[in-house]
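A short write-up of the structure that comes next.
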Amino acid sequence: MPHDASNTSVSHSNASSLNVTVLVSVGRHPLTARTRRADQDARAVEMALMLTGASVSLLHAGQQDSDHEEAIRGYLGMGIDSVGLIEQSPQADVVPALAKALRESTPQLVLTGTRAETGEASGVTPYLLAEALGWPIITGLAAVEKIEQGTAVVLQALPRGKRRRLRIRLPAIATVDSSAPPARQSAFGPAKRGELAHQQAPSEIDEDLATWHIQPARKRPKRLKIVKSSSARDRFKAAAAKAGGGGGQTLNDVTPEQGAEAIFKLLKEEGVLR
Amino acid sequence: MLDALLPILLFSALLLAAIGAVRRVRLWRQGRPSRVPVFKGLMQVPRRYLVDLHHVVERDKYISHTHVATAGGFVLAALLAIIVHGFGLDSAILAWVLLAATTSMLVGSILVAKRRSPPPSRLSKGPWMRLPKSLMAFSVGMFVVTLPTAGILPEGVFQSGVGWFTALALAAVIMWGLGEMFFGMTWGGPMKHAFAGALHLAFHRRPERFSKRNGGEHRSTGLKPLALNDDHAKLGVEIPADFTWNQLLGFDACVQCGRCEAVCPAFAAGQPLNPKKLIQDMVVGMAGGSDANYAGSPYPGKPVGEHDGSPHGPIVGRDGGALVDAETLWSCTTCRACVEECPMMIEHVDAIVDMRRFLTLEHGNTPNKGAEVLDNLIATDNPGGFDPDSRLHWAADLNLPLMADKREADVLLWLGDGVFDMRNQRTLRAFISVLRAAGVDFAVLGNEERDSGDVARRLGDEATFQTLARRNINTLSQYRFARIVTCDPHSFHVLKNEYADLGTADMPARYDVFHHSTYLNQLLEDDKLMLKAWKGGSVTYHDPCYLGRYNGEYEAPRSVLKALGIEIKEMARSGYRSRCCGGGGGAPITDIPGKQRIPDMRMEDVRETGADLVAVGCPQCTAMLEGVVEPRADIKDIAELVADALIIKTPDEKAAQSKPASAAPRTVEEVTP
Ligand code: SF4
Ligand code: SF4
Chain S
1 MPHDASNTSV SHSNASSLNV TVLVSVGRHP LTARTRRADQ DARAVEMALM
51 LTGASVSLLH AGQQDSDHEE AIRGYLGMGI DSVGLIEQSP QADVVPALAK
101 ALRESTPQLV LTGTRAETGE ASGVTPYLLA EALGWPIITG LAAVEKIEQG
151 TAVVLQALPR GKRRRLRIRL PAIATVDSSA PPARQSAFGP AKRGELAHQQ
201 APSEIDEDLA TWHIQPARKR PKRLKIVKSS SARDRFKAAA AKAGGGGGQT
251 LNDVTPEQGA EAIFKLLKEE GVLR
Chain H
1001 MLDALLPILL FSALLLAAIG AVRRVRLWRQ GRPSRVPVFK GLMQVPRRYL
1051 VDLHHVVERD KYISHTHVAT AGGFVLAALL AIIVHGFGLD SAILAWVLLA
1101 ATTSMLVGSI LVAKRRSPPP SRLSKGPWMR LPKSLMAFSV GMFVVTLPTA
1151 GILPEGVFQS GVGWFTALAL AAVIMWGLGE MFFGMTWGGP MKHAFAGALH
1201 LAFHRRPERF SKRNGGEHRS TGLKPLALND DHAKLGVEIP ADFTWNQLLG
1251 FDACVQCGRC EAVCPAFAAG QPLNPKKLIQ DMVVGMAGGS DANYAGSPYP
1301 GKPVGEHDGS PHGPIVGRDG GALVDAETLW SCTTCRACVE ECPMMIEHVD
1351 AIVDMRRFLT LEHGNTPNKG AEVLDNLIAT DNPGGFDPDS RLHWAADLNL
1401 PLMADKREAD VLLWLGDGVF DMRNQRTLRA FISVLRAAGV DFAVLGNEER
1451 DSGDVARRLG DEATFQTLAR RNINTLSQYR FARIVTCDPH SFHVLKNEYA
1501 DLGTADMPAR YDVFHHSTYL NQLLEDDKLM LKAWKGGSVT YHDPCYLGRY
1551 NGEYEAPRSV LKALGIEIKE MARSGYRSRC CGGGGGAPIT DIPGKQRIPD
1601 MRMEDVRETG ADLVAVGCPQ CTAMLEGVVE PRADIKDIAE LVADALIIKT
1651 PDEKAAQSKP ASAAPRTVEE VTP
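For the record, the sequence lines run as chains S and H. In this text, residue positions in the first sequence follow the numbering used here: the first is 1, and each later residue adds one. In this text, residue positions in the second sequence follow the numbering used here: the first is 1001, and each later residue adds one.
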């Protein structure tokens, strides 16, 4: 491969070979439940496409049927030639297969949506992957500002429009939520022509999943705070106020161990951990 | 000398013209294949020219007379000149006819010159300004050289003395005339329109739009379907050579008369579109080069000379800067005013949608709300992204009969996406009350109905259109009904003219479709409705493009209004010349900015009539016109006007009335012996 090193600037010395993998899943429209490209995953693809000089590859692990294929083709319509498909049985845990594929393809950056729109949709997959690969993970990625010498400077979205600038070591996993820029239109022609690169991988059956009882989620009723006040202004303020959590504490300038300790304590108190 | 020179001049001009013709034909043949009946097409040219083309030209009496005199004179003069001067046939009779033909041509060219001094802004300048002079050169030159043959001047008058110089000057004039008329015709001069135009008439992509000797409807307005099943074919038009060859031929036929420009609502609103320039840009692309030589009005806000193209170069660059900017294509409301006015029968809307198809299906670049609307159509079957199971929520109190329950009905009422719009729900309610008053047996599809696909198709998303259409066809095939009636001209057009192409042998998609105004008119004619006399103020009527120009229905709405006792104050632009409300073709979705808004201009037309109310027949028009700020005329759908004027009969009144009526059709009576 011809390589012209003379005019590549130092700070971008690895930009041209920046490999980004986006993990994409099958989405589900909230009103009609039709399969589609998942909104957050599509935003992750958009972010990858906007990185200058990055070579973007897509990876999907899941079942294979025509509905799914059409949804996955939705990502190809954004202007990508092919997507890697790791075939998995419906009961499989996709983390081992994904981790193996990522270990082999060695991307510097893995992008994906915060949570899937189908299946468990627990949002844990990126964490499990990060754990399996031993990579750092960052959530709520809003923008990638700079990538150089094995680190990335990124903006992380915090609630209510706040942004935090972070420097992370690569390779890393980053998740994207709805605060990232919206995905571009998916065009029919490229979607139809794009290649689905099938990869075989053994399905590791998720034993726990089989024992779970799954039912459609119901909207939880929200308790109304009755404010007895004669002033309309007070009542309106109470009605419009964001349901605050009340208690809790903010920890500043603590070591990771202290933070973990505090979280651990809270989870015990709430009965999540026993 | 002239006797020897004339044949040489004539035949070399003809030879050069023939070479030019071959070159021109090769330019057209760069396009995609399109099968046409060659011989049959050529045989049709005279009729298509004399009847169909002339029908359009005649809307401007002045130019129609001018064209008859000039073109008729020229064709005759050219043929006779070849016989008399080319082959030297010494016939005084032919010479006299030739004199008459050139005189006619001269009169015509004087009229052309008069029209062009000064030229109205819609006409192109540049080489077109010399055309009247060239016409005069040809006619005067031919006239004078024919004088000796006709015996008016003595034979040999050009052979000696002063005659020599006259002959020399004459030869020069004739050379000029021949150059323009024969050589220019195929080498890209203004006379090209005659050559390309005649062949365009012969090989038109929509032969159905020409009248036939035995009458019948001749309209062809549905878009042509795009084949989506070929995995490798490029979808839509990216480069000029992606048009079919007869489309390219059509572009080449343009006479730059600017009639399309004069009626284009987007051009008038200052949006960056001028249908004439667009066609000329396609010619530039087909031949290769820049648009710098274009001598007419530019796209508003876009100077001429900054764009160029080639037959195999992109028309719209991904980052702009090719032959045409994307905004130009997205400004069009697909109102068809340009096609209706074009004397050369050029199909602007087909071309625009072809190029939009590429932008949407291959680039994924539908501007503004386009992508969102298309996504909604894919996921929820309606452009607004509403829950498809909530289609009938507005009619919870109406107890509408559902096709799913009834299985058959006389009328299938197609509600359209207006069900999600509160304003249009009023229209639908009104129409349903009229149907009930008339005792019509109708049913709706309810949640089984989907968007007709109109907007998706005009936005270039042929894939979504075809999916929606096929699913609707599938639904419709399960029920029995005599006709479909709809209050939405867009659904009307698509169901009536565009679904048929997608039908299959076991699921044909040909329906008897009525716009509600046509159906109301029928109910009135059958005396099914009793109406109070109109007591409101003065009323004008706005023709929806998709009802009028697309489907030729100008009369029914007017006679419904007449039955209401309304005398319509017509707008200057009404009927086939109606100005678009700005709501078609997805234009409100792509929303390309201009200097003013199209609906504002339309309400200005309304204001000029002094009418207090404008009657409409389309949910889009209602929405667009009602969006104009007050003070303005009120906007009411024809269905609402009829519903307001209804006299509802009580059941026994009805029974009393229907007795004599039921007695009438009895044709066999019992006869006692
Ligand atoms: S496209 Fe038709 S109407 Fe427009 S300028 Fe050309 S010939 Fe005239
Ligand atoms: S269809 Fe209407 S808006 Fe489009 S170019 Fe023609 S006249 Fe203009």
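Beta carbons are placed, not taken as given, at the ideal position from N, Cα and C, and that holds for glycine.
For residue i, three-class secondary structure by DSSP
{"i": "H:Gly1309", "result": "strand"}
{"i": "H:Ser1433", "result": "helix"}
{"i": "H:Asn1497", "result": "helix"}
{"i": "S:Gln64", "result": "coil"}
{"i": "H:Asn1472", "result": "helix"}
{"i": "H:Gly1285", "result": "helix"}
{"i": "H:Tyr1546", "result": "coil"}
{"i": "H:Lys1406", "result": "helix"}
{"i": "S:Ile173", "result": "strand"}
{"i": "S:Glu148", "result": "strand"}
{"i": "S:His198", "result": "strand"}
{"i": "S:Gln156", "result": "strand"}
{"i": "H:Leu1016", "result": "helix"}
{"i": "S:Leu51", "result": "coil"}
{"i": "H:Thr1333", "result": "coil"}
{"i": "S:Gly271", "result": "coil"}
{"i": "S:Gly87", "result": "Here residue 87 of chain S is Glu; the residue named in the question, Gly, does not match the sequence. Strand."}
{"i": "H:Asp1637", "result": "strand"}
Minimum C-alpha distance to residue i - residue among the options
{"i": "H:Phe1158", "options": "H:Trp1176, H:Leu1002, H:Gly1583 and H:Ser1220", "result": "H:Leu1002"}
{"i": "S:Arg164", "options": "S:Ala172, S:Leu170, S:Val154 and S:Pro171", "result": "S:Val154"}
{"i": "H:Val1642", "options": "H:Val1045, H:Ile1432 and H:Arg1356", "result": "H:Ile1432"}
{"i": "H:Asp1375", "options": "S:Glu261, S:Val254, S:Phe188 and S:Ile263", "result": "S:Phe188"}
{"i": "H:Lys1569", "options": "H:Lys1234, H:Gly1583, H:Leu1042 and H:His1542", "result": "H:His1542"}
{"i": "H:Gly1151", "options": "H:Thr1380, H:Lys1061 and H:Trp1096", "result": "H:Trp1096"}
{"i": "H:Ala1137", "options": "H:Phe1165, H:Leu1178 and H:Trp1028", "result": "H:Leu1178"}
{"i": "S:Gln64", "options": "S:Ala197, S:Val227 and S:Leu266", "result": "S:Ala197"}
{"i": "H:Trp1187", "options": "H:Thr1149, H:Leu1561, H:Pro1127 and H:Pro1037", "result": "H:Pro1127"}
{"i": "H:Gly1250", "options": "H:Arg1024, H:Met1175, H:Ser1390 and H:Glu1525", "result": "H:Arg1024"}
{"i": "H:Tyr1299", "options": "H:Pro1119, H:Pro1154, H:Lys1276 and H:Ala1645", "result": "H:Lys1276"}
{"i": "H:Leu957", "options": "H:Leu1459, H:Phe1465, H:Asn1497 and H:Asn1472", "result": "Outside the shown range of chain H (1001 to 1673) lies residue 957 of chain H, about which nothing can therefore be said."}
{"i": "H:Arg1059", "options": "H:Glu1341, H:Phe1492, H:Gly1453 and H:Ile1484", "result": "H:Glu1341"}
{"i": "H:Leu1398", "options": "H:Leu1435, H:Pro1118 and H:Asn1368", "result": "H:Leu1435"}
{"i": "S:Glu70", "options": "S:Arg193, S:Ile263 and S:Pro136", "result": "S:Arg193"}
{"i": "H:Trp1164", "options": "H:Glu1327, H:Leu1005, H:Gly1370 and H:Asn1382", "result": "H:Leu1005"}
{"i": "S:Pro190", "options": "H:Leu1235, H:Ala1169 and H:Thr1622", "result": "H:Leu1235"}
{"i": "H:Gly1460", "options": "H:Phe1087, H:Val1373, H:Arg1391 and H:Ala1169", "result": "H:Val1373"}
{"i": "S:Pro30", "options": "S:Pro221, S:Gln108, S:Pro216 and S:Ala260", "result": "S:Pro216"}
{"i": "S:Arg169", "options": "S:Thr151, S:Val22, S:Ser55 and S:Arg28", "result": "S:Thr151"}
DSSP beta-bridge partners of residue i
{"i": "H:Tyr1541", "result": "H:Ala1615"}
{"i": "S:Arg314", "result": "Any question about residue 314 of chain S goes unanswered here, given that chain S covers just 1 to 274."}
{"i": "S:Arg37", "result": "S:Val26"}
{"i": "S:Ala296", "result": "Only positions 1 to 274 of chain S appear in this structure, which leaves residue 296 of chain S out of reach."}
{"i": "H:Gly1270", "result": "Paired residues: none, contrary to the question."}
{"i": "H:Gly1072", "result": "Bridge partners of H:Gly1072: none, in fact."}
query = Between the segment 40 to 60 of chain S and the segment 100 to 112 of chain S, do three or more beta carbon pairs fall short of 8 Å?
reply = yes
message = Would the segment 1306 to 1321 of chain H count as touching the segment 1254 to 1270 of chain H if we require 3 or more Cβ pairs under 8 Å?
response = Too few Cβ pairs lie closer than 8 Å, so no.
request  = Kindly confirm or deny that the segment 1373 to 1390 of chain H and the segment 1416 to 1434 of chain H touch, where touching means at least three C-beta pairs closer than 8 Å.
outcome  = Judged by Cβ distances under 8 Å, the segment 1373 to 1390 of chain H makes contact with the segment 1416 to 1434 of chain H, as three or more pairs qualify.
query = Do the segment 1484 to 1504 of chain H and the segment 203 to 216 of chain S touch if we need at least three Cβ pairs shorter than 8 Å?
reply = Note that the segment 1484 to 1504 of chain H does not touch the segment 203 to 216 of chain S; fewer than 3 beta-carbon pairs, one per stretch, sit closer than 8 Å.
query = Taking one C-beta from the segment 1587 to 1598 of chain H and one from the segment 1549 to 1565 of chain H each time, how about it: are there three or more such pairs within less than 8 Å?
reply = Short answer: they don't touch.
query = Okay, do the segment 78 to 92 of chain S and the segment 188 to 206 of chain S touch, 3+ Cβ pairs below 8 Å being the bar?
reply = Segments in contact, yes.
Three-pair Cβ contact test at 8 Å for the segment 1099 to 1112 of chain H versus the segment 1055 to 1068 of chain H = Taking a contact to require three or more Cβ pairs closer than 8 Å, the segment 1099 to 1112 of chain H and the segment 1055 to 1068 of chain H qualify as touching.
ask   = Would the segment 1617 to 1627 of chain H and the segment 1594 to 1608 of chain H be scored as touching if the rule is three or more Cβ pairs under 8 Å?
value = yes
Cβ contact (3+ pairs, closer than 8 Å) linking the segment 1345 to 1352 of chain H and the segment 1193 to 1208 of chain H = yes
request  = Inspect the CB distances between the segment 1570 to 1588 of chain H and the segment 1536 to 1554 of chain H and report whether three or more fall short of 8 Å.
outcome  = yes
ask   = Taking three-plus beta-carbon pairs below 8 Å as touching, is the segment 130 to 137 of chain S in contact with the segment 96 to 103 of chain S?
value = Contact between the segment 130 to 137 of chain S and the segment 96 to 103 of chain S is present, with at least three C-beta pairs closer than 8 Å.
ask   = Do three or more CB pairs link the segment 1438 to 1456 of chain H to the segment 1400 to 1416 of chain H at distances below 8 Å?
value = yes
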